[in-house]
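Those protein sequences? They're chains R and V, same order as listed.
When you read off a place in the first sequence, starting at 1, and then add 23, the result is the number in the working numbering.
When you read off a place in the second sequence, starting at 1, and then add 23, the result is the number in the working numbering.
Don't be surprised by glycine CBs; every beta carbon is placed ideally from N, CA and C.
A quick note: this is a predicted structure, and the numbers were derived from the prediction, not measured.
Notes follow the structure.
2 protein chains.
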Amino acid sequence: MSYFEDNRDRYLEELKAFLRIPSISTLSEHAADIRRASEFVRAGLEKAGLERAELIEGDGNPLVYGQWLGAPGKPTVLFYGHYDVQPPDPLEEWTSPPFEPELRGEDIFARGASDDKGQLWILVKAVEGLLATRGSLPVNVRFLIEGEEETGGEHIEAFVASGDPRTKADAAVICDTEMFAPNLPTICVGLRGIVYGELHVRGAEQDLHSGVYGGVAPNPLNAIAEILTALKDRDGHIRIPGFCDKVRPPTAEELEAWKRLPFDEEEYRKKEVRVSELVGEPEYSPLERVWARPTLDCHGITGGFTGEGAKTVIPARATAKISTRLVADQDPEEAEAQLVAAIRAAAPRGVSVEWKTIHRAAPSLVDTGDPFVRAAARALEETFGKPTVFIRSGGSIPIVGVFDQHLRIPSVLMGFGLPDDNLHAPNEKFHLPNFYRGIQAVARYLEVLGG
Amino acid sequence: MSYFEDNRDRYLEELKAFLRIPSISTLSEHAADIRRASEFVRAGLEKAGLERAELIEGDGNPLVYGQWLGAPGKPTVLFYGHYDVQPPDPLEEWTSPPFEPELRGEDIFARGASDDKGQLWILVKAVEGLLATRGSLPVNVRFLIEGEEETGGEHIEAFVASGDPRTKADAAVICDTEMFAPNLPTICVGLRGIVYGELHVRGAEQDLHSGVYGGVAPNPLNAIAEILTALKDRDGHIRIPGFCDKVRPPTAEELEAWKRLPFDEEEYRKKEVRVSELVGEPEYSPLERVWARPTLDCHGITGGFTGEGAKTVIPARATAKISTRLVADQDPEEAEAQLVAAIRAAAPRGVSVEWKTIHRAAPSLVDTGDPFVRAAARALEETFGKPTVFIRSGGSIPIVGVFDQHLRIPSVLMGFGLPDDNLHAPNEKFHLPNFYRGIQAVARYLEVLGG
């Protein structure tokens, strides 16, 4: 497909323009950037030759829709992606500014490069290329692109739940995951769910002097420490009553396949995670720990004094952002109720606690025998020239659960990111050979599906 | 002494002007305010009639000095106070702005009102009044006022340690503590020491996505929780090996005297500390816990994401500000070494820890039979018309240890603050009747000392 080769420079320039928009959905001051990014995607769909390229307004950031339904009798694929990105902080750790895309070697560095603007653009360009070269698509296609993936995605959930005809499809295709290793075609069949919220702890009615009152005053920061420590032990076992009861262990076959993956634990520790030691439940392998076990992490703590120097304050209030990752078959609402009960039980004397949900998503597991999954494995194998491997991901893509629940369709997670892409961290990047090959693989997928 | 009555309005206006200077020593952007405050005090000493009113420059904020040495054969008293104040945050909890003093009822509200500008001004006005009305003082007096009490006080420590003749005195007098109850003359004979520092915890080389790496990645915030919980148990017992070995218990006589103090535990809980429950070591009374037991408190935690919404980050680094209060006969350096060893032992796998000292101060206990203490008790009794009580304070006044160590002189802690003055917290205030009566009591003290 020389068309795809010939247009690489243009693809890259378009991606750079997309990456320059700081469409950070968790920060309300970027609302205008969110809108610019949604319009950028809409225009891209229109230019690709899709019909009805439009913004769908509602509660939250606009969805972007486009369709091509000229293949009667053929299946309909729903392409999903997101145009919003994570905040870039800590800014000082970026080698180049997060919203000024920079090429270094074969990588493009920018916030959103891999998660998910680069991968979203793969979908748009695949469809554009097929329409430009053949004048039609082998199957029917809808695009449904959201702008709240990093902050809860309530708008798309409501839209999908509404039964709108624009969501009618036989399978979803999502480019928002990674290849297990460079040049190893990969389909992700399992995702963790999540419960993310804020723990608010209140002690005295007012801040207190730690000299005058230290010894009798409850300290909400120390209380957060007590609670976190009660929820998870030093070896990474979650100690929330009932929490792990529904965890479905991987099958023996799956565990065997994982052992055959090109995974070097020492290399993973040193080059990818970059830690002195991999931690967590010692009775499970590292891949099991990130793919098939729940977690509990604190993401940030406020309260008291964090400026320069010393302030001897016992704060009246403190807050911790906490998330737990869930695996099949944990239920997010039940898991959250168990978490909140455990927090209440662990709260030390003298403080009151309150939990505020930020978002929840269900875990998912897809059958590797599904025809849409098998077709994807074939298209990837043909493009990369290697057998496709099936993996899981420790991350959460809430939309997969939403499609499953409301549309009853499988999601094919064909990802082109790499493990060292620094998602959600400074110096996020996307490997450009994967960008170009991804476009061809997605185009090939539609051809395979079209028969 | 009608002079002291007649000049009240002027005293108040001067105090207000002093309180309007935001001389926050922990924030470097207030360096100019620190200088203005030091000059304000110097001018005040000069106006009071002291000789050699001058700034002593050195490493850090200037000291303010003044002297009157016209009473040969009489003792020399060294008056100490500080012109710097704590930061005012959280600003939104102040009823009136912290640096715009406001009178409400008989109280003046402003940052520094009680700690220590109001009390420092008592010393200046007492001397001014005596010189104005008698033309001389009954004893020799030196003032040594610092501007780093809230941030470590290294300059005054170096100056006192240097053996400068301006520090030569028979006793120090410090107005920086509180009365046990309104209208109850009080001398504080014991202070807690402190070790205050920052715990720096490092996990991975870079921030990590909590989905992709949650389960194998060490989380420095969870590690801080582990460490804090290991250092102190749920009942407030410090679990640092050897830490409490040197703690000197109060004498049976002291404990008896404390029981006779007008102390209502329920009122203290509800109206002063304002908590649902007093916490801490259950085998000690609340007064013992704050006066005679060490503590461990966290004052603030940085790392990760604390903005609006959700960011699923496992931070590479996190920091906790931690202090421990010490009691006689704990040694700050030994206690800090024990703390650091316990932190290292408690650090979970996969993280590295580093401790950075911010400041240290020794605890102190003064003999109630000391002649300077007895004279103070008599002056207070005569001014307030009630027997003086001896208490301790849970706070730390590092200079007391410095005077003890380098000058070998006792410190008389004659305080005029009240327990609900909101030191180091929003809505700090000073009770004006104590301000006026304090001036008279200090003047009377000099007369008693002069014989």
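Identify the contact partners of V212 of chain V in chain R, using a Cβ-Cβ distance below 8 Å as the criterion.
-> Among the residues of chain R, none has a CB under 8 Å from the CB of V212 of chain V; the nearest is roughly 16 Å distant.
Under 8 Å by Cβ, that's how I've got F122 of chain V and Q463 of chain V pegged, so tell me the actual separation to the nearest angstrom.
-> A Cβ-Cβ separation of about 28 Å leaves F122 of chain V out of contact with Q463 of chain V under the 8 Å criterion.
Out of R:E228, R:Q353 and R:L114, state which residue places its alpha-carbon closest to the alpha-carbon of S387 of chain R.
-> The residue with the shortest Cα to Cα distance from S387 of chain R is R:Q353.
Going straight from the alpha carbon of T200 of chain R to that of L301 of chain V, what length do you get?
-> Just so you know, the alpha carbons of T200 of chain R and L301 of chain V end up roughly 51 Å apart.
Proximal residues of chain V, C-beta to C-beta of S137 of chain R below 9 Å = When 9 Å is used as the limit between beta carbons, S137 of chain R is near no residue of chain V, the shortest such separation being about 11 Å.
What are the residues of the region 441-470 of chain V that lie near chain R, defined by any Cβ-Cβ distance shorter than 9 Å?
-> Cβ contacts with chain R: P442, N445, L446, H447, A448, P449 and N450.
Candidates V:I217, V:T118, V:V218 and V:F328, of which the one nearest L114 of chain R by Cα | Selection V:I217, V:T118, V:V218 and V:F328 evaluated against L114 of chain R yields V:F328 as nearest (Cα-Cα).
Out of V:A253, V:E289, V:K191 and V:M202, state which residue places its alpha-carbon closest to the alpha-carbon of V239 of chain R.
-> In terms of CA proximity to V239 of chain R, V:E289 leads the group V:A253, V:E289, V:K191 and V:M202.
Spell out a yes or no on whether the region 302-320 of chain R and the region 258-266 of chain R are touching, meaning 3 or more CB-CB pairs, one atom from each, closer than 8 Å.
-> With a cut-off of 8 Å, the region 258-266 of chain R and the region 302-320 of chain R count as touching, because enough Cβ pairs lie within range.
Inter-residue spacing [alpha-carbon to alpha-carbon] between L436 of chain R and E359 of chain R = Put simply, the backbone Cα of L436 of chain R is about 26 Å away from that of E359 of chain R.
Does the beta carbon of H232 of chain V sit closer than 9 Å to a beta carbon anywhere in chain R?
-> Under the Cβ distance rule, H232 of chain V counts among the residues neighbouring chain R, one pair being separated by less than 9 Å.
For G253 of chain V, which residues from the same chain have a beta carbon less than 8 Å from its beta carbon, with the 5 sequence-adjacent residues on both sides left out?
-> A small fix is needed here, since residue 253 of chain V is Ala in this sequence, not Gly. Closer than 8 Å at the Cβ level, and outside the excluded window around A253 of chain V, lie R262, A365, A368 and A369.
Neighbourhood of L50 of chain R by C-beta, 7 Å cutoff - its chain only, sequence neighbours within 5 removed = Within the same chain, L50 of chain R has close Cβ partners P110.
Taking the CB atoms as reference points, tell me whether D230 of chain V and A448 of chain R lie closer together than 9 Å.
-> Closer than 9 Å, so yes.
Is it buried or exposed for T274 of chain V, if we count other Cβ within 10 angstroms and need 16 for buried?
-> Exposed, by the Cβ-count rule.
Just the Cα atoms here: how many angstroms apart are L68 of chain R and F458 of chain R?
-> In a straight line, the C-alpha of L68 of chain R is about 18 Å away from that of F458 of chain R.
Cβ-based contacts, 8 Å cut-off: residues of the region 408-432 of chain R near chain V = S416, G417, G418 and S419: these are the residues of the region 408-432 of chain R whose beta carbon lies less than 8 Å from some beta carbon of chain V, given in chain order.
Can you give the beta carbon distance from E228 of chain R to R43 of chain V, rounded, assuming they're within the 8 Å contact cut?
-> No, E228 of chain R and R43 of chain V are not in contact; Cβ-Cβ is about 28 Å, not under 8 Å.
I422 of chain V, DSSP secondary structure in three states | I422 of chain V: helix per DSSP, three-state reduction.
Where N450 of chain V sits in the DSSP three-state scheme | DSSP places N450 of chain V in the coil class of the three-state scheme, outside both helix and strand.
What is the DSSP secondary structure of V458 of chain R, reduced to helix, strand or coil?
-> Inspection of the sequence shows that residue 458 of chain R is occupied by Phe rather than by Val. Three-state DSSP puts F458 of chain R in a helix.
Drop a sphere of 10 angstroms on the beta-carbon of P90 of chain R, count the other beta-carbons inside from all chains shown, and report buried for 16 or more, exposed for fewer.
-> With the sequence shown as reference, residue 90 of chain R is identified as Gln, and Pro is not the correct amino acid for it. By the 10 Å Cβ count, Q90 of chain R comes out buried.
CA nearest to the CA of K293 of chain R, picked from R:D443, R:L455, R:D138 and R:I422 = Each of R:D443, R:L455, R:D138 and R:I422 was checked against the Cα of K293 of chain R, and the nearest Cα belongs to R:D443.
Applying the criterion that 16 or more other CB atoms from any shown protein chain within 10 Å of the CB defines a buried residue, is G408 of chain V buried or exposed?
-> Exposed is the call here.
Can you tell me where the alpha helix (DSSP H) with D56 of chain V in it begins and where it stops?
-> Per DSSP, D56 of chain V belongs to the alpha helix (DSSP H) from A54 to A71.
Using CA coordinates, which residue listed in V:L78, V:D139 and V:E276 is at the minimum distance from A66 of chain V?
-> When only C-alpha atoms are compared, the closest one is V:L78.
Local Cβ density within 10 Å of G332 of chain V, reported as buried at 16 or more and exposed below that = The residue in question, G332 of chain V, is buried, as its Cβ has 16 or more Cβ neighbours within 10 Å.
Delimiting residues of the alpha helix (DSSP H) encompassing T252 of chain R = From DSSP, the alpha helix (DSSP H) with T252 of chain R extends over P243 to L254.
What does DSSP give as the partner residues of M202 of chain V in its beta bridges?
-> Per DSSP, none; premise fails for M202 of chain V.
Determine the direct distance from the alpha carbon of H429 of chain R to that of H454 of chain R, and round the result to whole angstroms.
-> Straight-line Cα distance between these residues: approximately 34 Å.
Answer yes if the region 393-410 of chain R comes into contact with the region 369-379 of chain R, meaning at least three C-beta pairs across the two stretches below 8 Å, and no otherwise.
-> Look at the beta carbons and you see the region 369-379 of chain R not touching the region 393-410 of chain R: under three pairs across the two are nearer than 8 Å.
G438 of chain R versus G104 of chain R - alpha carbon distance | Each residue's alpha carbon lies about 11 Å from the other.
Classify H260 of chain V as helix, strand or coil using the three-state DSSP reduction.
-> It is coil, neither helix nor strand.
What residues of chain V sit near A192 of chain R, judged by a beta carbon separation below 9 Å?
-> Within chain V, not a single residue places a beta-carbon under 9 Å from that of A192 of chain R; the smallest gap is close to 26 Å.
State the Cα-Cα distance for the pair L446 of chain R and I422 of chain R, rounded to the nearest angstrom.
-> Distance between L446 of chain R and I422 of chain R, taken at the CA atoms: about 18 Å.
Apart from the five residues on each side of it in sequence, which residues of its chain come closer than 7 Å, Cβ to Cβ, to C211 of chain R?
-> Hits under 7 Å: T200, I414, R415, S416, L436 and G438.
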